[in-house]
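> The structure that follows is given in the form of structure tokens.
Number of protein chains: 6
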Amino acid sequence: MLSRLFANATEAHAHCDLYCGVYDPAQAKIEALSCLKTIQKYHDSDDEHFKTRAIMVKEQRAEEVKHHLMVLWADFFTPDHFAQFPNLHQMFWDAIHGAGDVKKSLDAAPAEKLLEQIDAIADVFWQTEKAKGMGVYPPS
Amino acid sequence: MLSRLFANATEAHAHCDLYCGVYDPAQAKIEALSCLKTIQKYHDSDDEHFKTRAIMVKEQRAEEVKHHLMVLWADFFTPDHFAQFPNLHQMFWDAIHGAGDVKKSLDAAPAEKLLEQIDAIADVFWQTEKAKGMGVYPPS
Amino acid sequence: MLSRLFANATEAHAHCDLYCGVYDPAQAKIEALSCLKTIQKYHDSDDEHFKTRAIMVKEQRAEEVKHHLMVLWADFFTPDHFAQFPNLHQMFWDAIHGAGDVKKSLDAAPAEKLLEQIDAIADVFWQTEKAKGMGVYPPS
Amino acid sequence: MLSRLFANATEAHAHCDLYCGVYDPAQAKIEALSCLKTIQKYHDSDDEHFKTRAIMVKEQRAEEVKHHLMVLWADFFTPDHFAQFPNLHQMFWDAIHGAGDVKKSLDAAPAEKLLEQIDAIADVFWQTEKAKGMGVYPPS
Amino acid sequence: MLSRLFANATEAHAHCDLYCGVYDPAQAKIEALSCLKTIQKYHDSDDEHFKTRAIMVKEQRAEEVKHHLMVLWADFFTPDHFAQFPNLHQMFWDAIHGAGDVKKSLDAAPAEKLLEQIDAIADVFWQTEKAKGMGVYPPS
Amino acid sequence: MLSRLFANATEAHAHCDLYCGVYDPAQAKIEALSCLKTIQKYHDSDDEHFKTRAIMVKEQRAEEVKHHLMVLWADFFTPDHFAQFPNLHQMFWDAIHGAGDVKKSLDAAPAEKLLEQIDAIADVFWQTEKAKGMGVYPPS
Ligand code: NI
Ligand code: NI
Ligand code: NI
Ligand code: NI
Ligand code: NI
Ligand code: NI
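Chains as they are written, first to last, in this note's numbering: chain A, 234 to 373; chain B, 234 to 373; chain C, 234 to 373; chain D, 234 to 373; chain E, 234 to 373; chain F, 234 to 373.
Structure (structure tokens):
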């Protein structure tokens, strides 16, 4: 299975700034889903202790989203990609800023929007040749 | 798309100890793949600076693997699951201990073994009903 | 004093995954005691600011408990120990999962139970030969 | 002194995603200077232990640079600023990616370039009205 | 510009324990200002979600203050400095303990006092010869 | 057992800045012992990979020592204690600075000295009434 995963791995810059050659928008998406679910459960609960914890967890998960997105933006995508997708800087700014909005709100809407923004970034990610060698969970 | 993802989400304990209801072995796997690639690149390089950095990165990525596996073990899986899969405790101990072996070695073998161990855990994960509502990247 | 501490230190796997050879259940216990005291003080207070901070502190301290227990489980104890103490996997799962329960509750009971679970693990720890060379705070 | 600092503080989004209203490129700059000095000292030393530590320290300091820059980019600057300074997205990408280059190299050049990039961002920062109320170390 | 900054850099112990030779009280001050502003905004708000987040942010920022002060105290200042400024130990204890008081309170007073304490430490810092080569934001 | 531990717990400031009321020099000591053992194993090894990891581990463990000591100094000890033990500020400065020396050296001597410094602090700690209610591992 490993041989399949890495068969066409080309030279790459990696999420750890080493060039490890492994990237996937899945990391940001899982944390963003956690934010959304946390918000939903916040509203379903009337337990103050749970609600306070939900706010804490949302803050941490949204920070993780920001980090994983910054890695994709600054390490995976290259000047060639930004030339090919001229809106890509803005897409990342919107999403990383949007993760801040998720921290600031208890509405589901910013978290749902964040997931759409991450999905849109993932679409670009999987259009690149580079992702074919370095991504782990391609769309089925 | 969100509605599909969460349509059959049942009550669940979550990776953040809130019960956020989002889990996926993808998190451990991505970090373990990073370990393996890092080891391969270590051997392909003759730059001492790169090699020192590779050891540092491997240490951090393997620690992330341990954390993500502990979360699956202690938070996602329930007593019912351990009754159904009597070897599951041992599978997790092997994998978490195996992540320590990846720290301790520059051979590819422990990292390849770790990936197999995570895949085996993912197989169990996706056999559970609970994963159907809470997992994000089911096998295609 | 150091010579006494390390006189009978045998080859060992260590809490830092180096094999540093220093382990002690004291680390988990101190954090778990902090959880319990925090819960008690939460109930003694009627200051909302204090109570919110107590929930945050409890979350962090309980996460520290989980980490220190995982290290003991995966790094200190060996296959021989698990053969000798067949319930040891379950004891660790109960305690690490129990630290999650401490996060989820404001009752003293889960924190008291966690302390008992850590004490039971410490009993096993100090029965091993390995602990005699690597532990720091043996029972008096 | 505080009254002077905050006299003209306007509504603002803050480095902690709260809107705390305190930002300064000084945070990124101090860490980037640490990277440069570390590289210089690496070359002045012939002690292997020191050199290994220098690589570790450089890795951590450069990661701090990335974090502080991301905060300025996503939290301080607003759509109006990006309209006014159309190159600002690119300036941030260059600098954050450049901090990755500092990790990857032992040459002083990438670290010197990073400092210039941060200074250029600071120039833009201090041209904004928002910085007058929220910045702490204005150029003298 | 760099040549100016480092022209008279002498041998120095650095904030990263490497001797990187870069220090500045600015790091502690920026975080302390964030605490003060957070407290002010806490009182200006009647949004429970915002107020809970403000408590969390204050806790984190005050911890950062403590860390940056400890670095100045233990790494920058030397026995000669403590002989020259006999009250310096007490000034640091007051400030680091004071950062704990900021965690414990929602009043502005402890945060304002903390800023004064940091300014007093900065005054001593900039009186030293060592700071002339290692500081980044001297008083104008 | 808990009742014994907390029977004479008086009002106290705690290691988490909450006033949780749990402190023990054991936390610093365990990490310092890890530093010493790591140094010893560094010299016993001729494996470059192991030696690089040992330097990394030493750096992290010594940083933990610094943190745990800062907590004791700033949170546990009160002005009354500093009046009673006039050398206590200096003892803490020596130990925290000494933990930096452990980072900077591969000799056992600084690590052995650090352990002695921590033991001396522990002696003072256990002489206080406050420690009787809040300490966990009193000298036997
Ligand atoms: Ni990577
Ligand atoms: Ni979760
Ligand atoms: Ni260890
Ligand atoms: Ni802020
Ligand atoms: Ni430094
Ligand atoms: Ni505490």
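Glycine included, every Cβ here is placed at the ideal spot set by N, Cα and C.
1. Taking 8 Å as the CB-CB cut-off, is residue 285 (chain F) touching chain D?
2. By how many angstroms is the C-alpha of residue 301 (chain E) removed from the C-alpha of residue 297 (chain D)?
3. Decide if residue 362 (chain E) is buried, meaning its Cβ has at least 16 other Cβ atoms within 10 Å, or exposed.
4. Rounded to whole angstroms, what is the Cα-Cα separation between residue 283 (chain C) and residue 271 (chain C)?
5. DSSP three-state label for residue 333 (chain B), please.
6. Alpha carbon to alpha carbon, how far is residue 322 (chain B) from residue 312 (chain F)? Give it in angstroms, no decimals.
7. What are the residues of the region 339-356 of chain C that lie near chain A, defined by any Cβ-Cβ distance shorter than 9 Å?
8. Taking contact to mean 3 or more Cβ pairs, one atom from each stretch, closer than 8 Å, check whether the region 278-295 of chain D and the region 258-268 of chain A are in contact.
9. Measuring alpha carbon to alpha carbon, tell me which of B:340, B:263 and B:316 ends up nearest residue 274 (chain B).
10. Given a threshold of 16 other Cβ atoms within 10 Å of its Cβ, counted over all protein chains shown, does residue 258 (chain A) qualify as buried or as exposed?
11. Nearest-angstrom Cα distance between residue 261 (chain B) and residue 318 (chain F)?
12. Residue 368 (chain F): which of F:307, F:254 and F:332 sits nearest, CA to CA?
13. Which value, in whole angstroms, describes the spacing of the CA atoms of residue 360 (chain D) and residue 349 (chain E)?
14. Taking 8 Å as the CB-CB cut-off, is residue 271 (chain F) touching chain C?
15. Residue 327 (chain F): buried (16+ other C-beta within 10 angstroms of its C-beta) or exposed?
16. Quick one: list the residues of chain D neighbouring residue 316 (chain A), beta-carbon separation under 8 Å, in chain order.
17. Which same chain residues end up closer than 7 Å to residue 315 (chain B) when comparing Cβ atoms and leaving out the 5 residues on each side of it in sequence?
18. For residue 276 (chain F), count the other beta carbons within 10 Å of its own beta carbon; 16 or more makes it buried, fewer makes it exposed. Which is it?
19. Between the region 291-311 of chain A and chain E, which residues of the former have a C-beta closer than 8 Å to a C-beta of the latter?
20. Could you check if residue 342 (chain E) is buried or exposed, using at least 16 other CB atoms within 10 Å of its CB as the buried criterion?
21. Step through the CB atoms of chain A and report whether any lies within less than 8 Å of the CB of residue 288 (chain C).
22. To the nearest angstrom, how far is it from the Cα of residue 373 (chain B) to the Cα of residue 370 (chain A)?
23. Whose C-beta lies closer than 7 Å to the C-beta of residue 292 (chain D) among residues of the same chain, with five residues either side of it excluded?
24. Quick check on DSSP: helix, strand or coil for residue 310 (chain D)?
25. Is residue 257 (chain B) helix, strand or coil by DSSP?
26. Against chain D, does residue 321 (chain E) count as a neighbour if the rule is that its beta carbon must be under 8 Å from one of theirs?
27. Give me the chain B residues within the contact set of residue 250 (chain C), using Cβ-Cβ distance strictly less than 7 Å, ordered along the chain.
28. Considering only the beta carbon of each residue, do residue 307 (chain D) and residue 351 (chain A) sit closer than 8 Å?
29. Does the Cβ of residue 255 (chain D) lie closer than 7 Å to at least one heavy atom of ligand 4?
30. Give the secondary structure of residue 358 (chain A) by DSSP, where H, G and I count as helix, E and B as strand, and everything else as coil.
31. Under a Cβ-count criterion, where at least 16 other Cβ atoms within 10 Å of its own Cβ denotes burial, should residue 250 (chain F) be classed as buried or exposed?
32. At the level of alpha carbons, what is the spacing between residue 357 (chain F) and residue 299 (chain D)?
33. I'd like the list of long-range same chain contacts for residue 331 (chain E), defined as Cβ closer than 8 Å, with 5 residues on each side in sequence excluded.
34. Tell me, please, whether the CB atom of residue 326 (chain B) is closer than 8 Å to any CB atom in chain C?
35. 8 Å is my cut-off, CB to CB: does residue 363 (chain C) come that close to chain F?
36. One question on the structure: do residue 324 (chain F) and residue 295 (chain F) come within less than 8 Å of each other, judged by their Cβ atoms?
On the basis of the supplied data:
1. yes
2. 14 Å
3. exposed
4. Between the alpha carbons of residue 283 (chain C) and residue 271 (chain C) lies a gap of roughly 10 Å.
5. helix
6. 50 Å
7. 339
8. no
9. B:340
10. Of the other Cβ atoms in all chains shown, 16 or more fall within 10 Å of the Cβ of residue 258 (chain A); this residue is therefore buried.
11. 50 Å
12. F:254
13. 28 Å
14. Flagged as an interface residue toward chain C: residue 271 (chain F), by a C-beta distance shorter than 8 Å.
15. buried
16. In chain order: nothing, as chain D lies at least about 11 Å away.
17. 321 and 322
18. exposed
19. Listed by position along the chain: 292.
20. Residue 342 (chain E) is exposed by the Cβ-count criterion.
21. yes
22. Residue 373 (chain B) and residue 370 (chain A): Cα-Cα distance of roughly 10 Å.
23. 336
24. coil
25. coil
26. No, its Cβ sits nowhere closer than 8 Å to a Cβ of chain D.
27. 333, 336 and 337
28. It is not a contact, given that the beta carbons lie outside the stated cut-off.
29. yes
30. helix
31. buried
32. 43 Å
33. 343, 346, 347 and 350
34. yes
35. no
36. No. Outside cutoff.
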